[in-house]
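All remarks here apply to the structure that follows.
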Amino acid sequence: MSNTSKRFTSVALSSVLLIGFLVAVQSVVDGPSKSTKPTVKSSSSPKASVEAKKGRAEYFFNMLRDPATNRIPEGIRQRELAFARTLAQRPVLSKALGTANGIAFDWKEVGPTDVGGRTRALAIDHTNSNTIIAGGISGGIWKSTDGGQT
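Using my numbering, you'd call the opening residue of the sequence shown number -11 and step up by one each time.
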């Protein structure tokens, strides 16, 4: 190999290495490319509003539909309102006294021992007022089948 050929090879190799180094430094300085950043859609755009409405409608449809027929049952709203009117005639839980039907609730902790302290949900079976289910904010669910005695 001649002297000129060696010189040309070393200059070419040095140039390639220098360009590679500069590209690497530039990509580190600029951070990640714009194509890798997540795209954020504006929730106030008309398209986002339409998508939100479709999603909301789909959610409520799935909550109300009959799984067997995949349709919302005929007259379900009227049956719901009729049932709600019967609830007003049933004895209610007195929050101030902690009683229902004159029975005082005496809750006893049976576990877990790490109790969050807040109750997220309380349900009383309308067909059997002795069955009470309470849900805690930290994930516990408690069930009493004797009117809150245990």
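Beta carbons are placed, not taken as given, at the ideal position from N, Cα and C, and that holds for glycine.
Partner residues in the beta bridge of Ala109, as assigned by DSSP, are Gly123. Within the same chain, Cβ atoms closer than 6 Å to the Cβ of Arg106 are found at Ile125, the five residues on either side in sequence being excluded. In this structure, the alpha-carbon of Arg53 lies about 39 Å from that of Lys96.
For Pro55, same chain residues with a beta-carbon under 6 Å away, outside a window of 5 residues either side, do not exist. Within a 10 Å sphere around the beta-carbon of Gly8 sit fewer than 16 other beta-carbons, which makes this residue exposed. Here Arg73 carries a helix assignment [DSSP, helix/strand/coil]. When the beta-carbon positions are compared, Ile120 and Ile112 come within less than 8 Å of each other. Secondary structure of Ser132 (DSSP, three-state): strand. Straight-line spacing of the CA atoms in Gly136 and Arg108 works out to 17 Å. Per DSSP, the continuous alpha helix (DSSP H) segment holding Ala36 begins and ends at Pro34 to Leu52. For Lys96, no alpha helix (DSSP H) encloses it, and the DSSP letter there is neither H nor E.
Beta-bridge pairing by DSSP links Arg59 to Asp54. In the DSSP assignment, Ser(-10) falls outside any alpha helix (DSSP H) and carries neither an H nor an E.
Between the alpha carbons of Val13 and Lys42 lies a gap of roughly 46 Å.
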